[in-house]
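Encoded as structure tokens, the structure appears first; notes follow it.
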Amino acid sequence: MDAYSQPNTNNKGEPRKGLDTATPPLVVAIVGATGAVGSLMARELATMDALNTLNTLNTGTTLEIRLFASKRSAGTKINLPATAGLSVNPIVQELTESSFKGVDIALFAAGATVSRRYAPLAVGDGAVVIDNSSAFRTDTTIPLVVPEVNAASIIRAGVAHAGVAHDSVAHDSVAHADNRGEQHHLPTPPMIIANPNCVAIISAVAINPLHHAYGLESVEMTTFQSASGAGMAAMNELVSQASSFTTMDDLSTLHNPRNPDDDGATRQFAHPLLFNVIPQIGDFHGDGTTEEEDKIRFELQKILQTPVRCTATCVRVPTLTSHSMSIALQFRDEFTLPEVEAVLRNAPGVVLYNNHLEGEYPMPLVSSNTHKVYVGRLRKDKYDPKRLHMFVSGDQLRKGAAINALQILELAIK
Ligand code: NAP
Ligand code: 2RA
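Residues 44 to 457 in this note's numbering are what the sequence shown lists, from first letter to last.
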């Protein structure tokens with residue numbers, strides 16, 4: 044057998060049952076396949092419902108995954124689950140300008156610089172790009188999508204690109220113009236779809252249903268963001284700091300920014316994260332806000348489609364996965380807590396986890412490795428009947444990145 048781990052034929056060389064080898068596979072490229080988000084997208088795509096969706100929509104279609112990263116990790120092997128209908132070359136290839144030939148959908152998770160350079164090339168080669176970086180999020184012509192909130196923005200953007208009236212929904216999903224895409228239903232022409240910032244995704248899932256129920260006027264949040272939000276190397280740094288800590292004496296070996304003799308035993312954050320919290324994510328802007336805080340403000344407004352006042356204070360905490368946030372929402376209308384609970388209980392993507400008497404409230408240990416956004420600690424403000432406090436936690440590698448991107452992929456092929 045060649046490098047492909049899961050051929051579309053059985054061991055007698057016959058087509059696998061139910062698979063039509065005459066139909067070309069839907070080819071998905073993952074850029075940044077060795078990273079925290081990219082490796083998860085590959086694993087989840089190999090197993091998730093997207094494959095079922097593909098088969099339901101287009102019986103007989105198979106899926107091919109191609110893995111890309113930088114020259115540094117070209118040749119690395121990534122083992123993915125063997126699934127009928129999936130072919131994947133497990134060997135990571137170096138990303139080059141010709142990597143997108145024959146690709147239908149390109150999932151980018153390699154940072155904004157890579158996206159800015161290669162996403163337009165992928166589109167030029169006929170691929171739909173779903174980009175995890177911040178490169179295109181502020182572009183008003185590019186949809187910024189949380190499927191539970193604003194799935195229709197893909198339709199609007201796709202139709203707008205095609206030069207067809209916005210309300211002409213019949214044109215939302217047409218076969219790709221080239222021969223390769225004829226069997227797959229992808230937005231036409233090929234386009235870039237931006238996956239939002241992880242805090243923006245997780246908070247939007249929780250806030251949107253309440254916005255629709257009570258009219259959102261402002262959002263104030265403090266975030267508690269895990270090490271893996273800064274990537275695989277950052278997560279590994281925290282694990283290594285933790286594993287080398289065995290006695291209280293080791294505390295003195297941790298970098299202390301007030302100690303002038305300290306050479307700085309950290310590479311990934313401005314300060315060591317173990318036994319610390321760092322109120323800085325991204326660079327500072329002139330007014331003292333950080334890049335991350337401005338992203339959240341801008342992106343929430345774009346996703347919720349309202350110029351709501353939004354203030355965030357972003358804090359890195361020494362957890363491995365899942366971002367959490369303490370959120371205060373100011374509404375136009377009054378509400379009762381039972382009503383709010385009912386709204387959240389019925390909200391897509393939300394798990395209402397609000398039983399503090401039983402110790403049930405959102406935490407990273409609760410939300411990690413799930414695809415859902417956990418919401419709890421619901422309280423009415425003691426001074427203002429139109430102000431709600433809540434605590435939210437979601438796995439930022441999954442719903443905050445990889446899963447949201449794959450949900451967009453499902454929308455794009457519908
Ligand atoms: P990461 O763990 O550091 O992974 C980065 C990936 O990009 C690696 O596969 C790396 O490959 C690849 N890469 C770097 N330079 C490249 C180049 N020149 N050409 C091709 N591939 C290159 O980062 P991450 O956390 O997964 O983040 C990826 C993207 O997702 C970023 O834009 C980030 O902002 C966004 N995002 C991350 C999260 C999160 O929670 N981590 C959440 C939402 C969005 P090598 O192995 O070759 O270095
Ligand atoms: C972080 N949200 O947590 C940012 C990027 N993933 O660092």
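Quick reminder that beta carbons are idealized off the backbone N, C-alpha and C, glycines included.
Is the beta carbon of residue i within less than 7 Å of some heavy atom of the ligand 2RA?
{"i": "V192", "result": "no"}
{"i": "G437", "result": "no"}
{"i": "C241", "result": "yes"}
{"i": "A273", "result": "yes"}
{"i": "E342", "result": "no"}
{"i": "E335", "result": "yes"}
{"i": "Q450", "result": "no"}
{"i": "Q268", "result": "yes"}
Restricting to Cα atoms, I'd like to know which of the options is closest to residue i.
{"i": "S176", "options": "E335, T413, M433", "result": "E335"}
{"i": "I73", "options": "T349, I134, Q284, A125", "result": "I134"}
{"i": "P407", "options": "Q373, L372, L229, S269", "result": "S269"}
{"i": "T364", "options": "A273, N398, G329", "result": "A273"}
{"i": "L317", "options": "V351, G392, N279, T333", "result": "N279"}
{"i": "L431", "options": "L387, I185, C357", "result": "L387"}
{"i": "Y426", "options": "V394, P391, Q373, Y257", "result": "Q373"}
{"i": "F143", "options": "G402, S158, C241", "result": "S158"}
{"i": "N20", "options": "T90, A153, D424", "result": "Residue 20 is absent from the model: the chain starts at 44 and stops at 457."}
{"i": "V393", "options": "I250, F151, L440", "result": "I250"}
{"i": "R422", "options": "N398, A127, L294", "result": "N398"}
{"i": "D168", "options": "A152, G145, F151, A153", "result": "G145"}
{"i": "P428", "options": "P405, F378, G402, V383", "result": "F378"}
{"i": "A13", "options": "Q136, V131, Q311", "result": "With the chain running from 44 to 457 in the structure shown, residue 13 is simply not present."}
{"i": "P233", "options": "S261, P239, L164", "result": "L164"}
{"i": "L400", "options": "H414, R420, E382, N412", "result": "R420"}
Quick one: is the Cβ of residue i within less than 7 Å of any heavy atom of the ligand NAP?
{"i": "A79", "result": "yes"}
{"i": "A125", "result": "no"}
{"i": "A152", "result": "yes"}
{"i": "G325", "result": "no"}
{"i": "N175", "result": "yes"}
{"i": "G75", "result": "yes"}
{"i": "V157", "result": "yes"}
{"i": "G443", "result": "yes"}
{"i": "S116", "result": "yes"}
{"i": "S141", "result": "no"}
Measure how close the beta-carbons of residue i and residue j come, nearest whole angstrom, since I'm counting them as under 8 Å.
{"i": "I235", "j": "F179", "result": "5 Å"}
{"i": "D376", "j": "S410", "result": "So it is not a contact: roughly 29 Å between Cβ atoms."}
{"i": "V80", "j": "A313", "result": "Contact doesn't hold; Cβ gap of about 22 Å is too wide."}
{"i": "S436", "j": "S367", "result": "4 Å"}
{"i": "A237", "j": "P186", "result": "7 Å"}
{"i": "V358", "j": "T289", "result": "About 27 Å separates the two Cβ atoms, so there is no contact after all."}
{"i": "V248", "j": "V416", "result": "4 Å"}
{"i": "F11", "j": "T181", "result": "Missing from the structure shown is residue 11; the chain here goes from 44 to 457 and no further."}
{"i": "L281", "j": "P361", "result": "6 Å"}
What does DSSP give as the partner residue(s) for residue i in the beta ladder?
{"i": "N397", "result": "DSSP lists no partner for N397."}
{"i": "A371", "result": "E263, H432"}
{"i": "D168", "result": "Note: D168 sits in no beta bridge, so no partner."}
{"i": "V70", "result": "E107"}
{"i": "L187", "result": "A237"}
{"i": "F151", "result": "V74, D174"}
{"i": "E403", "result": "N398"}
Is there a Cβ from chain D that is less than 8 Å from the Cβ of residue i?
{"i": "G272", "result": "The structure shown contains no chain D, having only a single protein chain."}
Unbroken stretches of the alpha helix (DSSP H), 4 residues or longer, contained in the stretch 103-141: none
Runs of beta strand (DSSP E) wholly within the stretch 224-292 (minimum 3 residues, chain order): 235-237, 259-267
Within the stretch 307-358, ranges of the alpha helix (DSSP H) (whole runs, at least 4 residues): 334-347
Those runs of the beta strand (DSSP E) which lie wholly inside the stretch 409-454 and span at least 3 residues: 416-423, 430-437
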